[in-house]
Structure formats: structure tokens, C-alpha cells
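S.K.:
There are 2 protein chains.
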Amino acid sequence: MGKNLEISLLLDFYGDMLTDKQRDVVELYYNEDLSLAEIASHSGITRQGVRDSIKRAEGQLLDCEGRLHLAERFRRIQERLDEITDLARDIERVNDRFGASNEIYSKTKRIITLAEEISDAE
Amino acid sequence: MGKNLEISLLLDFYGDMLTDKQRDVVELYYNEDLSLAEIASHSGITRQGVRDSIKRAEGQLLDCEGRLHLAERFRRIQERLDEITDLARDIERVNDRFGASNEIYSKTKRIITLAEEISDAE
């Protein structure tokens, strides 16, 4: 089975909906990039057991996204935050050229910081 | 039992994690503000059955929030978006007084629109 990059993202959002054991196996596979055989020898279950466990966990993560659409919602939020940051930088540049108001400068800086804080808090 | 306002909010975020039947009952109770007796006569189950069903659903919604913290995450996002909107309005006012740049004006308007779009997409 090929590793599905989307699963790694869904794990960030919904990892806490899995049991500890499921999450461990999926994290070893997707985040630590271990093979099925390595996880099997590491956890004392069969390679097939590991594969089944990962398949079940993937199903649950995809089911969570199908219900809550968190990854999709945060992707759209991120697009808009990126645009807000670009606009704030544009305002800084226009302000540099014309008014050079310190007040506008400090307020655009703060907007950029807030947009970053929202992104990082995901 | 008292109606818990937080549940209504959690229902917005996690309602799709409940079964259709559970969601119906909780929505009648919290969003339509029906009494347990009204829901019982409406759904053909006992008042105690309705109460148990609501309690179970509340437990699941609270469990989802305990794991994913979505309501809390979006509350923090909203606080920052409100601050971004206030800053953009401040920039508009400073720009009105001093530079009166059309470019700054249109870019602050766009920031305010994007912040609104993020809020509404919750």
C-alpha cells in the first residue's frame, strides 16, 4: 500500500480521536516513516496485523474529515490569512512611498503578527 | 436538568459526529427549545428515554471538544480576527486624515472582507 500524504495531515487534526495504540502505529508509519515490517518487529504484532490496524485508523481519519471537514476548513482559512498578510505588506509599501505614517506602519505589523498567530495555532 | 448553552455551540461543531436520531433529539431540545415532554410525545419515546438520549449525546459532544478543542480554537481565531478588523478600520481612519490613498483604502476594505469571510465559514 502506498503512503497517503493526506493521512499525515488528517492525523494532525483527528489523531486524538484514535486510541493511543492506533495513533502510535499510524504515527510510526506516516510521521516516522517506518515500514510495516519495522513496526511489526517493534510492536510484536504481525505485519498483516499492522497493515489492518493502519487501514482501520485511516478509515476513521477519513470518516472524521468527511463529517467535520476540518482540514478543508483550515485550508480555506489559511488561503485568506495569506491574502490578508499580502495586503498588509502592500499597505506598508504604499505607506512607505507616500504618507510614511508610523501609526499605519505599526498597525500593519500587528495585522501580520495576528495572521501568523492564527496560522500557528492550527 | 438545566439547558447548557455550551452544548448548543458544540452541536454546531460536532453535530455530524452524532447519529441522525441523536442529533434530531438534541437539536429539538437545544435549538428549537422544546421540553423533554414535548420531544417525548413528538418522537414516541418516553420522557426518560429522551433525557437519557440527550445526556449521552451531550457526553459525546463534550468528549469531542475534549479531544479536538475546536470550539476553543475557533474562539481564539475569532478574537484575533476581531483585532485584525479593528486595526484595518484604524488604518482607514489614519489614511483618511493624512494620505487619503485610494490604494490603502481598498486594501483595508479587502482585509475586513476576508476577516468576515473567515468568521462566516466557521
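As you go down the protein sequences, you meet chains D and E in turn. Residue 39 in my numbering is what sits at position 39 of the first sequence, and the numbering runs on without skipping anything. Numbering-wise, my numbering comes out as the position in the second sequence, counting from 1, plus 122. Ideal placement from N, C-alpha and C gives every residue a C-beta, glycine not left out.
1) Strictly under 8 angstroms for the Cβ-Cβ distance: is residue 141 of chain E near chain D by that measure?
2) Please check if any C-beta of chain D sits within less than 8 angstroms of the C-beta of residue 243 of chain E.
3) Quick one: is residue 146 of chain E near chain D, going by C-beta distance under 8 angstroms?
4) Which ranges would you report for the alpha helix (DSSP H) in the segment 164–208 of chain E if only whole runs of at least 4 residues count?
5) Any beta-carbon of chain D closer than 8 angstroms to the one on residue 226 of chain E?
6) Do you know how far the Cα of residue 4 of chain D is from the Cα of residue 141 of chain E?
7) Could you pull out every residue in the same chain whose Cβ sits closer than 8 angstroms to the Cβ of residue 164 of chain E, ignoring the five residues on either side in sequence?
8) If we ignore side chains and look at the alpha-carbon of each, how far apart do residue 72 of chain D and residue 65 of chain D end up?
9) May I ask you to report which of helix, strand or coil DSSP gives residue 100 of chain D?
10) Would you kindly work out how many angstroms separate the C-alpha atoms of residue 200 of chain E and residue 136 of chain E, rounded to a whole number?
11) Using DSSP with H/G/I as helix, E/B as strand and the rest coil, what is residue 143 of chain E?
12) Note down, in chain order, each residue of its chain lying with its Cβ closer than 6 angstroms to the Cβ of residue 108 of chain D, except the 5 sequence neighbours on either side.
13) Answer yes or no: the CB of residue 177 of chain E versus the heavy atoms of the ligand GDP, is any distance below 7 angstroms?
14) How many Å lie between residue 121 of chain D and residue 175 of chain E at the Cα?
15) Since I believe residue 95 of chain D is in contact with residue 84 of chain D (beta carbons under 8 angstroms), could you give me their beta-carbon distance rounded to a whole number of angstroms?
M.R.: Looking at the coordinates:
1) Answer no: the Cβ-Cβ gap between residue 141 of chain E and chain D never drops below 8 angstroms.
2) Taking Cβ atoms only, chain D reaches closer than 8 angstroms to residue 243 of chain E, which makes this a yes.
3) Interface criterion not met: the Cβ of residue 146 of chain E is under 8 angstroms from no Cβ in chain D.
4) For the alpha helix (DSSP H) assignment, the uninterrupted runs of no fewer than 4 residues enclosed by the segment 164–208 of chain E are, from N- to C-terminal side, 169–190.
5) Yes, because at least one Cβ of chain D sits closer than 8 angstroms to the Cβ of residue 226 of chain E.
6) Our two residues, residue 141 of chain E and residue 4 of chain D, have alpha carbons roughly 28 angstroms apart in a direct line.
7) For residue 164 of chain E, the CB contacts under 8 angstroms within the same chain, skipping 5 residues up- and downstream, are 150 and 156 in chain order.
8) Looking at the two C-alpha atoms, the distance is approximately 8 angstroms.
9) Coil at residue 100 of chain D, not helix or strand.
10) Their Cα atoms are separated by approximately 18 angstroms.
11) Of the three classes helix, strand and coil, the one that applies to residue 143 of chain E here is helix, per DSSP.
12) Non-local C-beta neighbours of residue 108 of chain D in its own chain, meaning closer than 6 angstroms and more than five positions away in sequence, comprise 88, 91 and 92, ordered along the chain.
13) As far as ligands go, the structure on display features none, and thus does not contain the ligand GDP.
14) The alpha-carbon atoms of residue 121 of chain D and residue 175 of chain E are separated by roughly 34 angstroms.
15) Not a contact, Cβ separation roughly 16 angstroms.
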